[in-house]
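In the working numbering, the protein residues as written are 98 to 308. Working notes, beginning with the structure itself.
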C-alpha cells in the first residue's frame, strides 16, 4: 500500500506540474499577442491628447495598465505555483496548488477576453453611439478592478505623455531645469496624491447620479 500511495502522490504532482507549465506557456503566448494591443492603446492615448481629449486618453492608458497588471500578477502566481509543485512534501500543499491552478485558469480566460482584438481597441477613439457605449462599459469595468496604485501610475503616465507632447510642440522653447529639494519633491508628491484621491472620490460620488 505504501508503494501505491507514493505512486498516487507522484502522479498528482506530475499532473500539477504539467498543468502549471501549460498555463505558463499560454500566458507567454498571451503576453506576445497583447503587446500589440497595449502598444496601440498608448498610440490612441497620444492621439487623444493631441486632440485635447484627456478623458479618452486616460481611459486608453487605464485599460493598458489593467492588462499589464493582469499579466504580471498571473506570471507571479505561476512562479509561486512552480515552487509549490517542486516541494518534496507535495501532499501537504496539493490543495493550495489545485486552488492556485483553478484561479490561474479563470484569470487566463479573463486575459483572453481582454485581448478582444484590435477592432475593440479602435472603439476607444470612436465618437458614435456604439463606441461611446463601449467606452462607458470599459470605464465601469475598470472602476472595480484597478487599485489606487494602478490609478496613480496611470496618472503619472498621462502626465509624462503630456510633457512629451508639449516638448514636441515647442522645440524652440528654452529648456529651464529647476532643481527641487527633497522636501519640495515630497510635498509635490503628497499634493498630487491628495488631488488624485479627491478626484477618485468625486468620480465615485458621481456614479449613482449617472446610473
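Just so you know, even glycine gets a beta-carbon here, dropped at the ideal spot from N, CA and C. Note that the structure is predicted; figures quoted are calculated from it, not measured.
### Message
Please report the straight-line C-alpha distance between residue 116 and residue 162, rounded to a whole angstrom.
### Response
Residue mapping note: residue 116 aligns to position 19 of the chain shown, counting from 1. Residue mapping note: residue 162 aligns to position 65 of the chain shown, counting from 1. The straight-line gap from Cα to Cα measures roughly 28 Å.
### Inter-residue spacing [alpha-carbon to alpha-carbon] between residue 230 and residue 194
Start at 1 with the first residue of the chain shown, and residue 230 comes out as number 133. Start at 1 with the first residue of the chain shown, and residue 194 comes out as number 97. Taking the straight line joining both Cα atoms gives about 40 Å.
### Query
To the nearest whole angstrom, what separates the beta carbons of residue 120 and residue 198, a pair I think is in contact under 8 Å?
Taking the first residue of the chain shown as position 1, residue 120 is located at position 23. Taking the first residue of the chain shown as position 1, residue 198 is located at position 101. That pair is a contact at about 7 Å.
### Message
I need the boundaries of the alpha helix (DSSP H) containing residue 239, first residue and last residue.
### Response
Here residue 239 refers to the residue found at position 142 when the chain shown is read from its first residue. Per DSSP, residue 239 belongs to the alpha helix (DSSP H) from 226-240.
### Query
With C-beta atoms as the reference, is residue 174 less than 9 Å away from residue 200?
The sequence position of residue 174 within the chain shown is 77, counting from 1. The sequence position of residue 200 within the chain shown is 103, counting from 1. A contact, by the Cβ cut-off of 9 Å.
### Task
Pull up the distance between the alpha-carbon of residue 240 and that of residue 170, whole angstroms please.
As a position in the chain shown, residue 240 is number 143, starting the count at 1. As a position in the chain shown, residue 170 is number 73, starting the count at 1. Spanning the two alpha carbons is a distance of roughly 18 Å.
### Query
Does the beta-carbon of residue 135 have 16 or more other beta-carbons within 10 angstroms, so that it is buried, or is it exposed?
Counted from its first residue, the chain shown places residue 135 at position 38. Buried: at least 16 other Cβ atoms inside 10 Å.
### Message
For a minimum of 4 consecutive residues, which ranges assigned as the alpha helix (DSSP H) are wholly contained in the segment 143-189?
### Response
Listed in chain order, the complete alpha helix (DSSP H) runs (minimum 4 residues) inside the segment 143-189 are 151-182.
### Query
Given that a residue counts as buried once 16 or more other Cβ atoms are within 10 Å of its Cβ, and exposed if not, what is residue 260?
Taking the chain shown and counting its residues from 1, the one referred to as residue 260 is at position 163. It counts as exposed.
### Task
Would you tell me roughly how many angstroms separate the C-alpha atoms of residue 154 and residue 118, rounded to the nearest one?
Working through the chain shown from its first residue, we reach residue 154 at position 57. Working through the chain shown from its first residue, we reach residue 118 at position 21. Approximately 37 Å between the Cα atoms of the pair.
### Message
I need the DSSP call for residue 223, collapsed to helix, strand or coil.
### Response
As a working mapping, residue 223 is identified with position 126 in the chain shown. If DSSP states are grouped into helix, strand and coil, residue 223 belongs with coil.
### Task
Starting from the C-beta of residue 251, find all residues in its chain whose C-beta is less than 7 Å away, skip the five residues before and the five after it, and write them out in chain order.
Locating residue 251 in the chain shown gives position 154, where the first residue counts as 1. Only 155, 158, 159, 162 meet the Cβ criterion.
### Message
I need the straight-line Cα distance from residue 131 to residue 264, nearest angstrom please.
### Response
Taking the chain shown and counting its residues from 1, one reaches residue 131 at position 34. Taking the chain shown and counting its residues from 1, one reaches residue 264 at position 167. Their backbone Cα atoms lie some 29 Å apart in a straight line.
### Task
With DSSP as the reference, label residue 243 as helix, strand or coil.
Taking the first residue of the chain shown as 1, we reach residue 243 at position 146. DSSP places residue 243 in coil when its eight states are reduced to three.
### Query
Does the Cβ of residue 218 have 16 or more other Cβ atoms within 10 Å, making it buried, or fewer, making it exposed?
Taking the chain shown and counting its residues from 1, one reaches residue 218 at position 121. Flag for residue 218 reads buried.
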